[in-house]
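Each residue of the sequence shown is one higher than the one before, counting from 1 in full-length UniProt numbering. In this text, a Cβ means the ideal position worked out from N, Cα and C, and glycines have one as well. The structure presented is a predicted model; accordingly, all values stated were derived computationally and were not measured. Read through the structure below, which is laid out as structure tokens, and then see the notes.
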Amino acid sequence: MEELTKHLEKVKIPTPNDKIYKDECVLSFDTPETPTGLYLSLTTFLGFGVDYVSDYFQRTGNSVFLHITRIKHEIPAEQTEDGPDKKITRLAIGTPGGFNPDVQKYNYEEKYEIVLMPGFVRIPYPNEDLPKPVKISIEAVLQAESALKIAEKEALAGTWDGEARVITRHLHLTQLNNNKKVPPSGWKCERCDLTTNLWLNLTDGAILCGRKFYDGTGGNDHAVEHFRNTGYPLAVKLGTIARDGKADVYSYDEDDMVEDPNLAVHLAHWGINLAHMEKTDKSMVELELELNQKFGDWIAMQEGNNKLTPMYGPGYTGLVNLGNSCYMNSVMQMSFTIPDFVDRFVSKANEIFNQNLNDPPNDFNTQMAKLGVGLLSGKYSQQPESKTDDENRQGIPPRMFKNLIGRGHPGFSSNRQQDAQEFILHLINILDRNSRHQTNPADCFKFKVEERYQCSSGKVKYTHRPEYLLPIPIPMDMVLNKEEVAAYEAEKNKTDEDKAKFDPNLIVRPRIKLSSCLESFAKTEIVEQFYSSALNDKTTATKTTRLASFPDYLLLHLKKFTVKEDWTPIKLDVAVEMPDLLDLNFLRGNGLQPTEELLPESNAAPPIVYDQVLLGQLADMGFPVEACKRSLYFTENRGLDSATQWLMEHISDADFSDPFVPPGVDAKSGKNSAAFVPNKESLEMVMSMGFTKEQATKALKATNNNLERAADWVFSHSSELDTLDMDVDAQPPEPSFRDGSGKYKLVGFVTHMGTSTMVGHYVCHLLKDGQWVIFNDEKVYASEKPLKELGYIYLYQRLDK
1 MEELTKHLEK
11 VKIPTPNDKI
21 YKDECVLSFD
31 TPETPTGLYL
41 SLTTFLGFGV
51 DYVSDYFQRT
61 GNSVFLHITR
71 IKHEIPAEQT
81 EDGPDKKITR
91 LAIGTPGGFN
101 PDVQKYNYEE
111 KYEIVLMPGF
121 VRIPYPNEDL
131 PKPVKISIEA
141 VLQAESALKI
151 AEKEALAGTW
161 DGEARVITRH
171 LHLTQLNNNK
181 KVPPSGWKCE
191 RCDLTTNLWL
201 NLTDGAILCG
211 RKFYDGTGGN
221 DHAVEHFRNT
231 GYPLAVKLGT
241 IARDGKADVY
251 SYDEDDMVED
261 PNLAVHLAHW
271 GINLAHMEKT
281 DKSMVELELE
291 LNQKFGDWIA
301 MQEGNNKLTP
311 MYGPGYTGLV
321 NLGNSCYMNS
331 VMQMSFTIPD
341 FVDRFVSKAN
351 EIFNQNLNDP
361 PNDFNTQMAK
371 LGVGLLSGKY
381 SQQPESKTDD
391 ENRQGIPPRM
401 FKNLIGRGHP
411 GFSSNRQQDA
421 QEFILHLINI
431 LDRNSRHQTN
441 PADCFKFKVE
451 ERYQCSSGKV
461 KYTHRPEYLL
471 PIPIPMDMVL
481 NKEEVAAYEA
491 EKNKTDEDKA
501 KFDPNLIVRP
511 RIKLSSCLES
521 FAKTEIVEQF
531 YSSALNDKTT
541 ATKTTRLASF
551 PDYLLLHLKK
561 FTVKEDWTPI
571 KLDVAVEMPD
581 LLDLNFLRGN
591 GLQPTEELLP
601 ESNAAPPIVY
611 DQVLLGQLAD
621 MGFPVEACKR
631 SLYFTENRGL
641 DSATQWLMEH
651 ISDADFSDPF
661 VPPGVDAKSG
671 KNSAAFVPNK
681 ESLEMVMSMG
691 FTKEQATKAL
701 KATNNNLERA
711 ADWVFSHSSE
721 LDTLDMDVDA
731 QPPEPSFRDG
741 SGKYKLVGFV
751 THMGTSTMVG
761 HYVCHLLKDG
771 QWVIFNDEKV
781 YASEKPLKEL
791 GYIYLYQRLD
801 K
């Protein structure tokens, strides 16, 4: 106790503004449940695993720690609050009614002691002889909510959890007086023989089947077709109506599940008495949950009936799914197989930790290093001593990383499923912001795209831009097994009486060769409204796209998400034959040829005039402003219908929302070349942090006037700002590109299972030491039959010449 008295000046009492990291080490994935426990500094309230507590003391002199250990005791199933089969009612993880695997399965016993450094001198707690400041500090720490839980709540504030629904705008719905009355049972679709998944249109009383699901079940889309023909917006799912007034109500023109406060009145119009209703069918949430649970086992079922072999050790650590974060897990598993990421974050982890020890949870480099070390060290992937002990090695939860990388982003900060392709670009953007004075590991993905235009004058123009993913279209007119697919669809759509021989487990998908997709990417396009500096007028041009460099690692993005002719978003359920070895040299761009003549340089392009009324109407529909400008330019402001049609036809274009420069116009002259103008309020806010006007302007310029990103940028680039060049409008240096052979081998792919990017499940396959391995969140197995043809994003490694 005398030794503790010498260190009382190091003991702080936390205030409401202090963040208490008592759930997990800020530099590793050690927790109180780790055998060695967690050491919480009573000075800074940062938590450390045993591997880092000594280094932290040596660098800071903070010597007093609260050592927390937690022992998990399994609760017998019959003693849990909801029994062994607790019903899942929400599309969320870690929220009431959602997926929460531990909450009802274990009791936790926590033990505490005070540890003094150096030497790990231990003092029992509780202890009546402790100095009062130490007692108060520890009591406040134990009572406080942890920093991780606070961050998660802040991130999820206002996000969708599977049940929150907006009130429909059709509160005063017009209902037809056509003398229809809906019976209490015995319903059947009015256009086919289906008796399940039926929807009652609240305007005219039509009973029709719902949408078809990804696995062929569901309906035949007759309810949505009825809306397109009539415009009658609200429908309620029969069988989900309960006496408490709850039911599944869908608004077709609002394109969402909604709440109808006047549902009782709307149902009474068709003779339905809520007081007599009982729920007999699955709600859409329950169906979505059921489909998602199928997704979780889908890969394993497709790989055969044999039990997959778990894999352990360095490089075989899984990532726990934190609220539909499987898209993030798959991308990060793939990233840390690449030497550039390992060299930048794992090899230099201790250096990164030491540099950013003052605020490690909020430093991107620290959290990347923590994640990389956690995945590759093998510490959290140790083979269990017995077959029944498998649960003890179930992956690491990247909570701090998820909170940090999603901060300020409406999608990635939520528990909703997101698009892995969008997350890759988001990750690359953050890597770029944090790599101002060192090599960006994402440079291994970067390549130069060459676009060649030839107008009617015969002269040519070449443009170049950097890209990180190669978007590949899927030409459905190049399907190899058209007859087989047609026969399968015809058999599947037969009535129940006629399809006795139909095997519901058999799935026949359209098959396409990757070579056909690449040919579609490389084909010559016709460009309308091309400004020719040789003719000083708009004309028609041809355009070809090639690669002017081949990166070390090439990410291929199959454009499976698109829209149907009626603008309904769909996912193409196709099998693309992906080769293990790929030769892309035929896509090599060679630049200006001796026989070609360049279009003359000119800044005299006519001014672009957008119909501001149409521009506002399109933007109000939710389209990006730059995409709206594109549509008005190419449709020559002809009207809302033409512009909307153009947007829907081009919604999957890679440059859909990029800053618009008319074809043929030089990018520098086509964009606003005026000096950057910072947002006044944001400028004042950054300056209030103690930075000069020039420094604040540079931060806002680097982050496109995004205040939160600018705040991050300005603190992470202090050395750059100390020697700030006052010319904030100076052009950045030209990007550099790695290059080599166009021959590649397949080393990984990310697969999405589901009907849209907002639902379903992602898994990652990686080729390690000649063996394909499947990373399905926290579970890691040797893959017996990797379904390469069903992937969404593919990782190819360039081969040496």
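Original post:
Going by other Cβ atoms of all chains shown within 10 Å of its Cβ, with 16 needed for buried, is Arg-169 buried or exposed?
Top reply: Exposed: under 16 other Cβ atoms inside 10 Å.
Subject >> Residues near Ile-241 by beta carbon distance below 6 Å, same chain, minus five either side >> reply: Excluding positions up to five away in sequence, the list reads Ala-247 and Met-277.
Subject >> Cut-off 6 Å between Cβ atoms - residues of its own chain near Phe-401, not counting five sequence neighbours on either side >> reply: Same-chain partners within the cutoff: Gln-367 and Leu-371.
Subject >> Backbone CA spacing between Asn-273 and Ala-264 [nearest angstrom] >> reply: Between Asn-273 and Ala-264, the C-alpha separation is close to 8 Å.
Subject >> Proximity winner among Pro-233, Leu-194 and Leu-200, relative to Asn-220 (alpha-carbon distances) >> reply: Scanning Pro-233, Leu-194 and Leu-200 for the CA closest to the CA of Asn-220 turns up Leu-194.
Original post:
Measuring CB to CB, does Lys-543 end up less than 8 Å from Thr-524?
Top reply: Against a cut-off of 8 Å, the Cβ pair of Thr-524 and Lys-543 comes out as a contact.
Original post:
Would the beta-carbon of Asp-47 fall within 8 Å of that of Tyr-21?
Top reply: The sequence as given places Gly at residue 47; Asp does not occur at that position. Contact flag set, yes.
**OP:** Taking 8 Å as the cut-off, decide whether the C-beta atoms of Lys-181 and Gly-271 are in contact.
**Re:** Yes, Cβ-Cβ distance for Lys-181 and Gly-271 is below 8 Å.
**OP:** Rounded to whole angstroms, what's the CA-CA distance from Ala-699 to His-426? Just pull it up for me.
**Re:** When rounded, the distance between both Cα atoms is 18 Å.
Original post:
For Pro-397 versus Tyr-781, is the C-beta distance shorter than 8 Å?
Top reply: With a cutoff of 8 Å on beta-carbon distance, Pro-397 and Tyr-781 are scored as not near each other.
Original post:
To the nearest angstrom, how far is it from the Cα of Ala-522 to the Cα of Leu-234?
Top reply: About 44 Å.
Original post:
With 16 as the cutoff for other CB atoms within 10 Å, does Asp-30 come out buried or exposed?
Top reply: Result: buried.
Original post:
Residues in its own chain within less than 6 Å of residue 811 by CB, not counting five upstream and five downstream?
Top reply: No statement about residue 811 is possible, as the shown extent of the chain runs from 1 to 801 and does not include it.
Original post:
Just checking my contact of residue 802 with Gly-49 at CB under 8 Å: how many whole Å lie between their CB atoms?
Top reply: Any property of residue 802 remains undetermined from this structure, which presents the chain solely from 1 to 801.
Original post:
By how many angstroms is the C-alpha of Ala-268 removed from the C-alpha of Asn-415?
Top reply: Counting only the Cα atoms, Ala-268 lies some 37 Å from Asn-415.
Original post:
What's the C-alpha gap between Glu-784 and Ile-507?
Top reply: A direct Cα-to-Cα measurement between Glu-784 and Ile-507 gives close to 20 Å.
Subject >> Status (buried if at least 16 other CB within 10 Å, exposed otherwise) for Ser-515 >> reply: Exposed, by the Cβ-count rule.
Subject >> Residue nearest to Tyr-125 in terms of C-alpha spacing, selected from Met-117, Gly-119, Pro-118 and Ile-136 >> reply: Its Cα nearest to that of Tyr-125, the residue Ile-136 stands out among Met-117, Gly-119, Pro-118 and Ile-136.
Subject >> Residues of its chain near Asn-706, where Cβ-Cβ distance is below 6 Å and the 5 sequence neighbours each way are ignored >> reply: Taken in chain order, the list of residues that qualify is empty.
Original post:
Can you round the beta-carbon distance between Leu-555 and Leu-795 to whole angstroms, since I take them to be within the 8 Å contact cut?
Top reply: The pair is a contact, with the Cβ atoms about 6 Å apart (cut-off 8 Å).
**OP:** Give a yes or no on contact between the stretch 598-617 and the stretch 570-589, applying the rule of three or more CB pairs nearer than 8 Å.
**Re:** Result no; under three Cβ-Cβ pairs closer than 8 Å.
**OP:** Taking 8 Å as the cut-off, decide whether the C-beta atoms of Tyr-792 and Leu-558 are in contact.
**Re:** A contact, by the Cβ cut-off of 8 Å.
Original post:
Since Ala-541 and Pro-663 are thought to touch, with beta carbons under 8 Å apart, how far apart are those beta carbons, to the nearest angstrom?
Top reply: Going by Cβ atoms, the distance from Ala-541 to Pro-663 rounds to 7 Å, so yes, they are a contact pair.
Original post:
With respect to the beta strand (DSSP E) encompassing His-269, which residues constitute its N-terminal and C-terminal limits?
Top reply: Counting along the chain, His-269 falls outside any beta strand (DSSP E), and DSSP gives it neither H nor E.
Original post:
Shortest alpha-carbon distance to Ala-534 belongs to which of Pro-475, Asp-477, Glu-597 and Phe-412?
Top reply: The shortest Cα separation from Ala-534 among Pro-475, Asp-477, Glu-597 and Phe-412 belongs to Glu-597.
Original post:
Are the CB atoms of Val-574 and Pro-659 nearer to each other than 8 Å?
Top reply: With contacts defined by Cβ atoms closer than 8 Å, Val-574 and Pro-659 do not form a contacting pair.
Original post:
By Cβ distance below 6 Å, which residues in the same chain neighbour Lys-188 in space, the five residues on each side in sequence not counted?
Top reply: Within the same chain, Cβ atoms closer than 6 Å to the Cβ of Lys-188 are found at Thr-195, the five residues on either side in sequence being excluded.
Original post:
Which two residues bound the contiguous beta strand (DSSP E) that contains Val-134?
Top reply: Counting along the chain, Val-134 falls outside any beta strand (DSSP E), though it belongs to the alpha helix (DSSP H) covering 132-143.
Original post:
Does the distance from the C-beta atom of Asp-777 to that of Cys-326 stay below 8 Å?
Top reply: Result yes, Cβ atoms of Asp-777 and Cys-326 sit closer than 8 Å.
Original post:
How is the beta strand (DSSP E) around Arg-59 delimited, first residue to last?
Top reply: Run containing Arg-59: none in the beta strand (DSSP E); it sits in the alpha helix (DSSP H), 50-60.
**OP:** State the Cα-Cα distance for the pair Ala-702 and Pro-32, rounded to the nearest angstrom.
**Re:** Going from the Cα of Ala-702 to the Cα of Pro-32 covers about 40 Å.
Original post:
Roughly how many whole angstroms lie between the Cα atoms of Val-763 and Val-773?
Top reply: Straight through space, the alpha carbons of Val-773 and Val-763 are spaced by roughly 11 Å.
Original post:
Per DSSP, Met-685 forms a beta bridge with which residues?
Top reply: Under DSSP, Met-685 shares a beta bridge with no residue.
**OP:** State buried or exposed for Ile-88, treating a residue as buried only when at least 16 other CB atoms are found within 10 Å of its CB.
**Re:** Low confidence applies here, because Ile-88 scores a pLDDT of 48, under 50, leaving its location unreliable; read the following figure in that light. It is buried - the Cβ of Ile-88 has at least 16 other Cβ atoms within 10 Å.
Original post:
According to DSSP, what are the bridge partners of Lys-212?
Top reply: DSSP output for Lys-212 lists Gly-218 as bridge partner(s).
Subject >> For Lys-745, the three-state DSSP class (helix, strand or coil) >> reply: Three-state DSSP puts Lys-745 in a strand.
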